[in-house]
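Below is one structure, written out as structure tokens; the observations come after it.
Chains as they are written, first to last, in our numbering: chain A, 247 to 643; chain B, 247 to 643.
As structure tokens, then:
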């Protein structure tokens with residue numbers, strides 16, 4: 247049957263990465279395309295113990311309806327944690343629990359964007375978020391990511407060129423997919439521009455706790471005295487993505503409307519997931535777990551960069567060194583057709599993500615591809631990167 | 247700060263019932279306003295055992311990312327179950343898992359409604375769903391619910407009057423809040439009208455398994471040879487609402503677009519919740535549990551109706567006898583102001599839901615209120631209904 251879809255979803259296509267992941271799950275394929283935590287990263291024993299205790303001591307709270315704002319003890323725990331660790335959440339802010347940070351993007355887009363309104367994002371940026379914005383018929387405008395974050399001059403040009411801009415979406419720490427961290431100067435400049443042009447900022451920070459070297463940079467939300475920053479946090483990379491728990495912080499007046507949208511989407515986030523997070527943060531060594539994750543991923547990131555330096559860089563491919571996060575952004579010489587290169591990798595059973603998937607329009611030419619080092623084993627990573635080098639030698643002469 | 251909200255959410259207000267529930271949770275208040283399952287209704291021991299086994303045997307599957315369509319074994323289990331029990335799901339249909347049935351409403355509205363488009367619903371209807379539809383700036387048009395379901399003549403008049411109607415929303419079994427079950431004749435007539443006017447049907451069936459007397463009536467989806475019915479099911483009333491698991495069945499072409507919207511909202515539904523449902527359906531006595539629930543609620547429903555007959559009906563209040571579900575719809579004589587009556591009940595610490603909350607516009611006059619019998623204890627129910635009778639005597643002279 248021919249359906250009449252709404253204008254906003256008419257052009258909507260499945261998230262390219264999640265489609266790639268389907269083929270990447272074939273046996274024998276080395277997937278450097280996912281963004282999954284390493285299997286070793288999950289605090290399995292703690293969660294097992296927590297679950298048993300919750301279902302012994304408090305089963306009705308796990309199974310009964312909760313409130314849309316989220317499980318109150320978890321909200322309180324997070325407010326305290328974010329205040330202490332990141333100096334965010336003022337008296338005029340509120341925090342609610344969402345079903346993964348993806349929901350923050352959906353709710354913010356729904357609440358602040360009319361169809362055709364402009365959202366400015368980094369180019370490249372996280373395809374999952376871009377797809378959510380697309381699902382509201384949003385005009386996506388990209389701003390080039392430099393080694394220290396968005397090109398601020400270009401950002402202002404775009405703000406001037408698109409007066410219907412309502413939101414700026416940024417991942418300031420270890421950006422997905424570029425791996426870039428935005429400098430403090432640029433964070434402040436971005437904030438001032440948003441203020442000047444009456445635009446809200448979505449600060450998406452799923453990787454903030456995964457820094458392997460260098461110094462932490464203050465969150466944009468930490469200097470948000472004007473109530474213009476919507477902060478998004480997630481348990482996906484630090485506890486588990488399968489539990490689907492994230493949180494958002496925003497000014498109370500903005501949040502009052504966003505809570506109604508949250509309620510309309512799924513009433514509330516699954517109680518077991520919320521209660522597990524709260525128990526883990528309050529009764530277990532959460533900070534110790536974060537240290538463990540940083541150690542685990544520092545090793546993997548270093549291995550990946552060493553392998554790239556040894557095998558791939560000599561072929562002519564360049565990449566951005568990273569200080570945190572889960573991704574490395576590799577760039578081919580302009581003479582090479584990136585999509586043919588990625589296709590050749592797939593034929594050799596190595597999956598990476600073609601860089602154009604992360605652009606506002608996948609038809610824009612792109613010389614880069616993204617690799618992930620958290621999901622593959624060290625062996626798979628080594629094999630995969632050697633194959634990338636081997637294919638590169640065939641393409642780059 | 248003054249925010250510029252999108253047109254679609256500008257007039258959006260919190261779900262009236264969930265606001266009432268906040269005050270209903272005060273100690274000493276008898277809440278007949280919720281729609282929560284009875285605490286006795288949860289299969290606590292089974293879930294405890296399932297959770298322990300899952301986290302022992304398969305922790306990574308519980309904690310890692312899943313796919314947006316849902317946990318494949320649960321999807322297969324549900325397809326088989328729905329085929330056997332309800333004769334729904336044809337070869338051209340697909341089933342996906344969602345984070346509670348509320349998400350079906352959100353996804354269907356997003357996929358098929360432009361702002362200003364009309365959705366026809368029963369009047370009264372489930373406020374949670376109506377609020378979700380409102381969040382897409384939908385024109386809600388109500389059709390009177392009679393003792394055997396929608397007034398079909400009125401439905402056709404409305405379909406003619408609103409040529410921009412895209413969806414009809416119905417709860418055919420033990421409708422919330424009226425308690426009414428739509429007759430087979432009306433289901434067929436509704437289906438034919440939807441087909442004639444090129445409109446899709448959302449069939450919301452959260453209470454279908456909770457029939458206490460009378461005979462099952464075939465689902466509308468069971469005679470959907472045209473791919474025009476979106477069927478919504480839920481584990482909220484038969485396993486647990488806190489786990490947030492529902493499912494939807496629709497034609498594959500419609501579903502392909504809806505899955506992308508689901509992905510944009512929360513990537514996928516929490517894995518623990520999905521896996522618990524599948525284990526419970528396949529390795530435990532799911533049908534035995536449904537029988538147990540029917541026994542539990544038959545007792546409560548009968549107690550409620552007996553109390554109403556003994557104390558409330560003599561005051562002049564009427565109500566619809568029910569054959570299933572969790573709600574009873576009571577109607578005051580026209581001489582009584584319903585909102586003042588509900589307010590007087592609240593002053594006596596009994597909470598019910600004013601009927602106007604269930605209308606397309608809460609400003610429409612309404613003489614009815616909804617009571618729930620699943621959440622209160624038998625003692626609370628008895629006390630609450632006696633207080634309703636007592637207040638009624640003061641109002642009806």
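Every residue gets a Cβ at the ideal spot worked out from N, C-alpha and C, and that includes glycine.
Legend entry - Through-space distance from residue 450 of chain A to residue 416 of chain A, alpha-carbon basis: As a first step, residue 416 of chain A must be located in the first chain, where it is residue number 170. As a first step, residue 450 of chain A must be located in the first chain, where it is residue number 204. If you draw a straight line from the Cα of residue 416 of chain A to the Cα of residue 450 of chain A, it comes to about 6 Å.
Inset, instruction - Round the Cβ separation of residue 492 of chain A and residue 352 of chain B to the nearest angstrom and send it over; I've been treating them as touching at under 8 Å. - result: Along the first chain, one-based indexing puts residue 492 of chain A at 246. Along the second chain, one-based indexing puts residue 352 of chain B at 106. That pair is no contact at about 17 Å.
Inset, instruction - Measure the C-alpha to C-alpha separation of residue 310 of chain B and residue 295 of chain B and round it to an integer number of angstroms. - result: Start at 1 with the first residue of the second chain, and residue 310 of chain B comes out as number 64. Start at 1 with the first residue of the second chain, and residue 295 of chain B comes out as number 49. Separation of residue 310 of chain B and residue 295 of chain B (C-alpha to C-alpha, rounded to the nearest whole angstrom) is 21 Å.
Legend entry - Sequence-distant residues of the same chain with beta carbon closer than 8 Å to residue 382 of chain A, five excluded per side: Locating residue 382 of chain A in the first chain gives position 136, counting from the first residue. Answer for residue 382 of chain A: 254, 355, 356, 359 and 361, listed in chain order.
Legend entry - Partner residues on chain B for residue 456 of chain A, Cβ-Cβ distance less than 9 Å: Residue mapping note: residue 456 of chain A aligns to position 210 of the first chain, counting from 1. In chain order: nothing, as chain B lies at least about 16 Å away.
Legend entry - Nearest-angstrom Cβ-Cβ length linking residue 297 of chain B and residue 301 of chain A, presumed shorter than 8 Å: As a first step, residue 297 of chain B is located in the second chain; it is residue number 51 there, counting from the start. As a first step, residue 301 of chain A is located in the first chain; it is residue number 55 there, counting from the start. About 6 Å; that satisfies the 8 Å criterion.
Legend entry - Stretch pair the region 402 to 414 of chain B + the region 552 to 560 of chain B: three plus CB contacts closer than 8 Å: Contact between the region 402 to 414 of chain B and the region 552 to 560 of chain B is absent, with fewer than three C-beta pairs closer than 8 Å.
Inset, instruction - Locate the beta strand (DSSP E) running through residue 478 of chain B, then write down its first and last residues. - result: Taking the second chain and counting its residues from 1, one reaches residue 478 of chain B at position 232. It spans 475 to 480 - the beta strand (DSSP E) in which residue 478 of chain B sits, taken as one unbroken run.
Inset, instruction - Please classify residue 447 of chain A: does DSSP put it in a helix, a strand, or coil? - result: The residue given as residue 447 of chain A occupies position 201 in the first chain. Residue 447 of chain A sits in a strand when the DSSP states are folded into three classes.
Inset, instruction - Please check the pair residue 363 of chain A and residue 406 of chain A, which I expect to be a contact at CB under 8 Å, by giving their CB distance rounded to whole angstroms. - result: Taking the first residue of the first chain as 1, we reach residue 363 of chain A at position 117. Taking the first residue of the first chain as 1, we reach residue 406 of chain A at position 160. Not quite, the Cβ-Cβ distance comes to about 16 Å (not below 8 Å), so this is no contact.
Inset, instruction - Evaluate residue 503 of chain A with the Cβ neighbour count: other Cβ atoms within 10 Å of its Cβ, from every protein chain shown; 16 or more gives buried, anything less gives exposed. - result: The residue labelled residue 503 of chain A in the question sits at position 257 within the first chain. Buried, because 16 or more other Cβ atoms sit within 10 Å of the Cβ of residue 503 of chain A.
Inset, instruction - Could you please tell me which residues of the region 482 to 503 of chain A, in chain order, have their CB closer than 7 Å to any CB of chain B? - result: Residues passing the 7 Å Cβ filter: 486, 487, 488, 489, 490, 497, 499, 500 and 503.
Inset, instruction - Locate the alpha helix (DSSP H) running through residue 502 of chain B, then write down its first and last residues. - result: Taking the second chain and counting its residues from 1, one reaches residue 502 of chain B at position 256. Residue 502 of chain B -> alpha helix (DSSP H) spans 498 to 512.
Legend entry - First through last residue of the alpha helix (DSSP H) which encompasses residue 403 of chain A: Counting from one through the first chain, the residue named residue 403 of chain A turns up at place 157. In the DSSP assignment, residue 403 of chain A falls within the unbroken alpha helix (DSSP H) covering 398 to 407.
Inset, instruction - Could you check the C-alpha separation between residue 599 of chain B and residue 388 of chain B for me, to the nearest Å? - result: For the purposes of this step, residue 599 of chain B is identified with residue 353 of the second chain, where counting begins at 1. For the purposes of this step, residue 388 of chain B is identified with residue 142 of the second chain, where counting begins at 1. Their Cα atoms are separated by approximately 19 Å.
Inset, instruction - Establish whether the CB of residue 590 of chain A and some CB of chain B are separated by less than 9 Å. - result: Reading the first chain from its first residue, position 344 is the one you call residue 590 of chain A. For residue 590 of chain A, the answer is no, since every Cβ of chain B falls outside 9 Å of its Cβ.
Inset, instruction - Leaving aside the five residues before and after residue 624 of chain A along the sequence, list all residues of the same chain whose C-beta is less than 8 Å from its C-beta, in chain order. - result: Numbered from 1 along the first chain, position 378 holds the residue referred to as residue 624 of chain A. Correct list, in chain order: 546 and 549.
Inset, instruction - Pull up the distance between the alpha-carbon of residue 617 of chain A and that of residue 576 of chain A, whole angstroms please. - result: As a working note, residue 617 of chain A is residue 371 in the first chain. As a working note, residue 576 of chain A is residue 330 in the first chain. Rounded to whole angstroms, the gap between the alpha carbons of residue 617 of chain A and residue 576 of chain A is 8 Å.
Inset, instruction - Between the Cα of residue 461 of chain B and those of B:430, B:475, B:585 and B:488, spot the shortest distance and give me the residue it belongs to. - result: What you label residue 461 of chain B is simply residue 215 of the second chain in a count that begins at 1. Closest by alpha carbon: B:430.
Legend entry - Identity of the residue in A:275, A:522 and A:507 nearest residue 374 of chain B by Cα: Here the question's residue 374 of chain B lines up with position 128 in the second chain. If you compare the alpha carbons of A:275, A:522 and A:507 with that of residue 374 of chain B, the shortest gap goes to A:507.
Legend entry - Spatial distance of residue 280 of chain B from residue 421 of chain B (CA atoms): Numbered from its first residue, the second chain carries residue 280 of chain B at position 34. Numbered from its first residue, the second chain carries residue 421 of chain B at position 175. Distance from the CA atom of residue 280 of chain B to the CA atom of residue 421 of chain B, rounded to whole angstroms, is 15 Å.
Inset, instruction - For residue 438 of chain B, count neighbouring Cβ atoms within 10 angstroms of its own Cβ and tell me buried if that reaches 16, exposed if not. - result: What you label residue 438 of chain B is simply residue 192 of the second chain in a count that begins at 1. So residue 438 of chain B counts as exposed.
Inset, instruction - Can you tell me which of the three DSSP states residue 634 of chain B falls into? - result: Mapped onto the second chain, residue 634 of chain B falls at position 388. Helix at residue 634 of chain B.
Inset, instruction - Would you check if the region 455 to 470 of chain B and the region 531 to 544 of chain B touch, i.e. whether three or more CB-CB distances between them fall below 8 Å? - result: Result yes; three or more Cβ-Cβ pairs closer than 8 Å.
Inset, instruction - Starting from residue 386 of chain A, follow the beta strand (DSSP E) in both directions and report where the run begins and ends. - result: Mapped onto the first chain, residue 386 of chain A falls at position 140. For residue 386 of chain A, the enclosing beta strand (DSSP E) has its first and last residue at 385 to 392.
Inset, instruction - Determine the direct distance from the alpha carbon of residue 566 of chain B to that of residue 345 of chain A, and round the result to whole angstroms. - result: Taking the first chain and counting its residues from 1, the one referred to as residue 345 of chain A is at position 99. Taking the second chain and counting its residues from 1, the one referred to as residue 566 of chain B is at position 320. Spanning the alpha carbons of residue 345 of chain A and residue 566 of chain B requires a straight line of approximately 38 Å.
Legend entry - Beta carbon proximity, residue 280 of chain B to chain A, threshold 9 Å: Taking the first residue of the second chain as position 1, residue 280 of chain B is located at position 34. Interface annotation, residue 280 of chain B: in contact with chain A, CB-CB separation under 9 Å.
Inset, instruction - Inspect the beta-carbon positions of residue 318 of chain A and residue 528 of chain A and report whether they are closer than 9 Å. - result: Residue numbering aside, residue 318 of chain A sits at position 72 when the first chain is read from its first letter. Residue numbering aside, residue 528 of chain A sits at position 282 when the first chain is read from its first letter. Cβ atoms of residue 318 of chain A and residue 528 of chain A: not closer than 9 Å.
Legend entry - Residue-chain proximity (residue 597 of chain B, chain A), Cβ-Cβ < 9 Å: If you number the second chain from 1, residue 597 of chain B lands on position 351. Using beta-carbon distances, residue 597 of chain B does not count as an interface residue toward chain A, since no partner is under 9 Å.
Inset, instruction - Using a Cβ cut-off of 9 Å (strictly closer), state whether residue 252 of chain A contacts chain B. - result: Residue 252 of chain A sits at position 6 when you count from the first residue of the first chain. For residue 252 of chain A, the nearest beta carbon of chain B is closer than 9 Å to its own beta carbon.
Legend entry - Residue span of the beta strand (DSSP E) that contains residue 290 of chain B, given as start and end: By 1-based counting over the second chain, the position of residue 290 of chain B is 44. Note, residue 290 of chain B: premise wrong, no beta strand (DSSP E); alpha helix (DSSP H) at 290 to 303.
Inset, instruction - Following the continuous alpha helix (DSSP H) through residue 256 of chain B, name the residue where it begins and the one where it ends. - result: Start at 1 with the first residue of the second chain, and residue 256 of chain B comes out as number 10. Segment: none, residue 256 of chain B is in no alpha helix (DSSP H) and carries neither H nor E.
Legend entry - Nearest neighbour of residue 520 of chain A, chosen from A:634, A:330 and A:316 [CA to CA]: Walking along the first chain from the start, residue 520 of chain A turns up at place 274. Proximity to residue 520 of chain A across A:634, A:330 and A:316 peaks at A:316, based on C-alpha coordinates.
Inset, instruction - Answer with yes or no whether the minimum CB distance from residue 527 of chain A to chain B is below 9 Å. - result: One-based indexing of the first chain puts residue 527 of chain A at position 281. Between residue 527 of chain A and chain B, the shortest Cβ-Cβ separation is not below 9 Å.
Inset, instruction - With 7 Å as the C-beta to C-beta threshold (strictly closer), list the residues of the region 290 to 301 of chain B near chain A in chain order. - result: Cβ contacts with chain A: 290, 293, 294, 297, 298 and 301.
Inset, instruction - Could you check which residue in B:385, B:523, B:349 and B:273 has the C-alpha nearest to that of residue 606 of chain B? - result: Position 360 of the second chain holds residue 606 of chain B. Of the listed residues, the one whose Cα sits closest to residue 606 of chain B is B:385.
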